[in-house]
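Asker: Chains as they are written, first to last, in my numbering: chain A, 1 to 110; chain B, 1 to 113. We put the CB at the ideal spot given by N, CA and C, even for glycine. As the structure is a computational prediction, the values presented were derived from the model and not from experiment. This is the structure, below, for whatever I ask next.
Shown next as C-alpha cells:
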C-alpha cells in the first residue's frame, strides 16, 4: 500500500499562474482533506470531502478550489496564485477519524 | 467553529525528564482528539489519540488525558529521549462532520542529551 501520495513534491509559480495539486489514497477511506502549513501556525484546513461527491470549505478556503474526482483522488486547484499561498500543502485521508497524511507539496509563489 | 489552543509553543527538557503539552478546545461537540508528531521536513504522524468516552490512554512512554468538562487534553511523555525531539500537534474533531481535524499551533520539543 502506498498510503497517501501527492504530486508534485516541489513547485515554483509566478504570481497569477494556476496549478493543480494532485492527491490519491489507496486505503479505501471515505474522507479526504487539504491542509496548508505555515511556520508558527500549525496545519489549517483548506477544504475537505467527507465522501465521494461532496466537498466543504474549511478554515482558509479563499483562493482555492477542489475536486473529488472519485473515492481515491482529491485535487486542489489554485486559479491565480498569490505570494500569500506560499506554503507546504498536505493532503490527508481518514476513516473513523484516524488520518494519514501525504508527504506534502512545497509551493513557492514569486 | 472549533478552535484549538496549544501551549507551550516551545519546550526544552533534559533527557530522561518528562514533558507535558496542553491543549484546550472550544466546541463541546468535539469527540476525537489525536496527537501528531512531525519531524523536520516530514509529514505529521499519528502517535496517540483519545475519544471522548475515555479519560486517559497510555502507550508505553506516551499518555494522553482528557477533561471534557474543562475542555482540555494533554500529552505526557515520560523518560524523554533525544529522538523525541520534534514538533507535536494536538487536534480535535467531530466525528459526524466528516472527521475534519482542527489543529493547535504546535509545540517544538527539544530533548537535550
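At which residues does the beta strand (DSSP E) containing residue 78 (chain A) begin and terminate?
Answerer: Its beta strand (DSSP E) spans residues 74-78.
Asker: Within the continuous beta strand (DSSP E) that includes residue 7 (chain B), where are the two ends?
Answerer: Note, residue 7 (chain B): beta strand (DSSP E), 4-7.
Asker: So which of A:100, A:73, A:91 and A:79 has the shortest CA-CA distance to residue 35 (chain B)?
Answerer: That would be A:100, whose Cα lies nearest to the Cα of residue 35 (chain B).
Asker: Within its chain, find whatever has a CB closer than 6 Å to the CB of residue 16 (chain A); leave out the 5 residues flanking it on each side and keep chain order.
Answerer: The residues are 80.
Asker: How is residue 111 (chain A) classed by DSSP in three states: helix, strand or coil?
Answerer: Chain A is shown from 1 up to 110; residue 111 (chain A) falls before or after that span and cannot be answered.
Asker: Pair every Cβ in the stretch 3-14 of chain B with every Cβ in the stretch 72-79 of chain A, then say whether three or more of these pairs are closer than 8 Å.
Answerer: Touching, no.
Asker: Check this for me: beta carbons of residue 53 (chain A) and residue 45 (chain A), under 8 Å apart or not?
Answerer: Cβ atoms of residue 53 (chain A) and residue 45 (chain A): not closer than 8 Å.
Asker: Taking the C-alpha atoms as reference points, what is the distance between residue 29 (chain B) and residue 88 (chain A)?
Answerer: When rounded, the distance between both Cα atoms is 30 Å.
Asker: Tell me, please, whether the CB atom of residue 99 (chain B) is closer than 8 Å to any CB atom in chain A?
Answerer: Residue 99 (chain B) counts as touching chain A.
Asker: What separation, rounded to the nearest whole angstrom, lies between the Cα atoms of residue 36 (chain A) and residue 86 (chain A)?
Answerer: Cα-Cα distance, rounded: 9 Å.
Asker: Is it right to say residue 7 (chain B) is buried, meaning 16 or more other beta carbons lie within 10 angstroms of its own, or is it exposed?
Answerer: It is exposed - the Cβ of residue 7 (chain B) has fewer than 16 other Cβ atoms within 10 Å.
Asker: By Cβ distance, which residues of its chain are closer than 8 Å to residue 9 (chain A), with the 5 residues on each side in sequence left out?
Answerer: So the list reads 103, 104, 105 and 106, once near-sequence residues are dropped.
Asker: Against residue 94 (chain A), what residues of chain B qualify as contacts under a CB-to-CB distance less than 7 Å, listed in chain order?
Answerer: Chain B residues near residue 94 (chain A): 99.
Asker: Could you spell out the range, first to last residue, of the beta strand (DSSP E) harbouring residue 100 (chain B)?
Answerer: Looking at the DSSP string, residue 100 (chain B) is not in any beta strand (DSSP E), and its letter there is neither H nor E.
Asker: Nearest to residue 55 (chain B) by alpha carbon, out of B:41, B:74 and B:46?
Answerer: Nearest option by C-alpha distance: B:74.
Asker: Using 7 Å as the cut-off, classify the Cβ of residue 72 (chain B) as near or not near the heavy atoms of the ligand NAD, replying yes or no.
Answerer: Looking at this structure, you won't find the ligand NAD or any other ligand, since it has none at all.
Asker: Which partner residues of residue 95 (chain A) appear in the DSSP bridge assignment?
Answerer: According to DSSP, residue 95 (chain A) bridges with A:98.
Asker: Checking contacts by CB at 8 Å: is residue 90 (chain A) closer than that to chain B?
Answerer: Output row for residue 90 (chain A): interface = yes.
Asker: Can you give the Cα-Cα distance for residue 21 (chain A) and residue 12 (chain A), rounded to whole angstroms?
Answerer: Looking at the two C-alpha atoms, the distance is approximately 12 Å.
Asker: Which chain B residues sit within Cβ distance under 7 Å of residue 102 (chain A)?
Answerer: Simply 43.
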